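Read through the structure below, which is laid out as structure tokens, and then see the notes.
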Amino acid sequence: MKALFPHALTTGPVTVRVSVSYLPEQSEPQRGRWFWAYHVRIENEGDQPVQLLTRRWIITDARGARHSVEGEGVVGEQPVIQPGASYDYVSGCPLATTSGAMQGSYRMVSADGVTFDVAIPHFALIAPAVET
Numbered sequence: 001m002k003a004l005f006p007h008a009l010t011t012g013p014v015t016v017r018v019s020v021s022y023l024p025e026q027s028e029p030q031r032g033r034w035f036w037a038y039h040v041r042i043e044n045e046g047d048q049p050v051q052l053l054t055r056r057w058i059i060t061d062a063r064g065a066r067h068s069v070e071g072e073g074v075v076g077e078q079p080v081i082q083p084g085a086s087y088d089y090v091s092g093c094p095l096a097t098t099s100g101a102m103q104g105s106y107r108m109v110s111a112d113g114v115t116f117d118v119a120i121p122h123f124a125l126i127a128p129a130v131e132t
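Last residue of the sequence shown: number 132 in full-length UniProt numbering, and the count goes up by one each step with no gaps.
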């Protein structure tokens, strides 16, 4: 699992795993735009269902500029994750620099109505060096 998802963090019964890939076909370095896809797996290791309500991302570029993204759910969904199950999604992040980083949190609610925040591990966004 570590090879597939090198970034992982557990908060309570929920583990968030992330892998990231640079997408050269979506990037336009000559226009100052680099693009990454990230694959997230959210695992419920608890004994009751949990639902993802909201997300909060903090994206930092190589110049140190921080951008916060908040909203309901992920990729248009607010999934319910059963005990022992996981939920996967893929999304993307453009930057105006060749590198940066992301981290954040999900607001979850358990079946008994308790809301809690789950940390998303910090991961780097790094474009490969290109010879010019």
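Glycine is no exception: its CB is placed at the ideal position from the N, C-alpha and C atoms. Since the model is a prediction, treat every value here as computed from it, not as a measurement.
| Query | Result |
| --- | --- |
| Please work out which residues of its chain come closer than 7 Å, Cβ to Cβ, to residue 36, disregarding the five sequence neighbours upstream and downstream, and give them in chain order. | 20, 21, 22, 23, 92, 93 and 125 |
| Does the Cβ of residue 43 have 16 or more other Cβ atoms within 10 Å, making it buried, or fewer, making it exposed? | buried |
| Determine which residues share a DSSP beta bridge with residue 92 and list them. | 37 |
| Do residue 62 and residue 98 have their beta-carbon atoms positioned less than 9 Å apart in this structure? | yes |
| Can you list the beta strand (DSSP E) stretches of 3 or more residues lying completely in the UniProt domain "ApaG" (8-132), in chain order? | 14-22, 34-44, 50-61, 66-72, 86-95, 99-110 and 115-126 |
| Any idea if residue 7 is buried or exposed, counting beta-carbon neighbours within 10 angstroms, 16 or more meaning buried? | buried |
| If residue 51 and residue 114 are in contact, beta carbons under 8 Å, what's the gap, nearest whole angstrom? | The Cβ separation is near 11 Å, so there is no contact. |
| My understanding is that residue 106 touches residue 90, with C-beta atoms under 8 Å, so please give their C-beta distance in whole angstroms. | About 16 Å; that fails the 8 Å criterion. |
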